[in-house]
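Residue numbers for the sequence shown, in my numbering: 73 to 319.
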Amino acid sequence: MKMSELSRRSGVAIPTIKYYLREGLLPAGHATASNQADYDADHLRRLRLVRALISFGGLSVTASREVLRAISEPLDLYHTLGVTHYALGAPVADTGASAGTGNPDAPGEDDDCAAEAAALVDRMGWSVGEESPGRAALAAGLRALRGVGADVGTDELLPYAELAAATARVDLDHLAGIEDRIDVAERALVMTVLLEPVLATLRRMAQEHEAALRYPSESKQPPRSPAPRAGTDTADRGARTGSHRAT
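What follows is the structure, given as structure tokens:
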């Protein structure tokens, strides 16, 4: 198919497709002339994945390129998941303490949070590498919670970890029986990047439902969105929804 057809079928504008080609996110088409090329179903599949990573997953062009490069080699399922997770990096933003900007009144806080994270991993009996970005991300999350006065530790996180373990079993069930390792890598990537905001949304909806069950008198009036803050405009809303990214 020509680029115009690729654009029509993918819903991605031609200038954006050309941008993805220049950035190495999309492999070059099959040249038919000095300035023309044909594209096939593999290009369409990859283009939709790139679009999903950037527009819905919120990844930068650089991060998307690294992730796509990481899954380009067919590996066994265990290492495919590992490569995908390591390429994506930590799911929790660093609070800055690891860079020496933590609470100066609590110099041992970093070590305490790292120890709490390690204790939870051990208590769950999880086989997680020492260099896993998840360990540092978990410690950073605990540090952030403590920074706002929420002293969450292993006991408090254990029920959440058990729910996460159950979710992981469902994830791996979806990957069982797939022979094509590139297909496995792409599906693992989709589950890791694109399913997470869906799961977070389900959790919030479930919280609203549970609160309505526990506090029926207060839930007679449905909750409303807060009024826009002064100075909020269309550009602000666009920035928060990611509309400033390449489309």
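Idealized CB from N, CA, C, for every residue including glycine.
One question on the structure: do residue i and residue j come within less than 9 Å of each other, judged by their Cβ atoms?
i	j	result
L131	V256	no
C185	R137	no
L119	I89	yes
G154	G197	no
H102	A109	yes
L78	Y111	yes
G226	R195	The amino acid at residue 226 is misidentified as Gly; the sequence shows Thr. Closer than 9 Å, so yes.
L97	H115	no
I86	M73	no
L217	V224	yes
L147	R253	yes
With a threshold of 16 other CB atoms inside 10 Å of the CB of residue i, please say whether the residue is buried or exposed.
i	result
S82	buried
V193	buried
Y150	exposed
T104	exposed
V122	buried
T152	buried
A272	exposed
G213	buried
R189	The sequence shown places Ala at residue 189, not Arg. It is buried - the Cβ of A189 has at least 16 other Cβ atoms within 10 Å.
G221	exposed
A100	exposed
L160	buried
G129	buried
Y232	exposed
L285	exposed
Among the options, which residue has its Cα nearest to the Cα of residue i?
i	options	result
G263	A103, H246, P99	For clarity, residue 263 is Met in the given sequence; the question names Gly instead. When each option's Cα is compared against that of M263, the closest is H246.
D243	R259, A187, E251	R259
D182	P231, F128, L210	L210
R94	A236, A222, G129, T134	T134
S199	Y91, A237, I250	A237
E203	G219, Y158, R241	Y158
Roughly how many whole angstroms lie between the Cα atoms of residue i and residue j?
i	j	result
P298	E268	25 Å
E290	Q279	14 Å
P205	T156	11 Å
S170	K292	Confidence is the limiting factor: at S170 the pLDDT is only 42, short of 50, which leaves the residue's position unreliable, though a coordinate-based value still follows. If I take the Cα positions, the gap works out to 46 Å.
S127	V84	11 Å
L261	P295	35 Å
L23	A191	In the structure as shown, the chain begins at 73 and stops at 319. Residue 23 is therefore absent and cannot be evaluated.
Y287	L274	20 Å
R276	E282	10 Å
R117	E251	18 Å
S106	E145	30 Å
A240	Y91	35 Å
G249	A187	37 Å
R80	V270	27 Å
Hey, does residue i have any beta-carbon neighbour from chain C nearer than 9 Å?
i	result
E290	Looking at the structure shown, chain C is missing, and only one protein chain is on hand.
Please indicate yes or no: does the CB of residue i lie closer than 8 Å to some heavy atom of the ligand SAH?
i	result
G83	Absent from the structure shown: the ligand SAH. Ligands present: none.
Legend entry - Sequence ranges, alpha helix (DSSP H) only - wholly within the stretch 177 to 264, length at least 4: Qualifying alpha helix (DSSP H) stretches, in chain order: 181 to 196, 205 to 219, 226 to 247, 253 to 261.
Legend entry - In chain order, each beta strand (DSSP E) run of at least 3 residues that lies wholly inside the stretch 86 to 116: Fully enclosed beta strand (DSSP E) runs of 3 or longer: 102 to 105, 108 to 110.
Inset, instruction - For the stretch 117 to 151, list the alpha helix (DSSP H) runs that are entirely contained and at least 4 residues long, ordered along the chain. - result: Within the stretch 117 to 151, the complete alpha helix (DSSP H) runs of at least 4 residues fall at 133 to 142.
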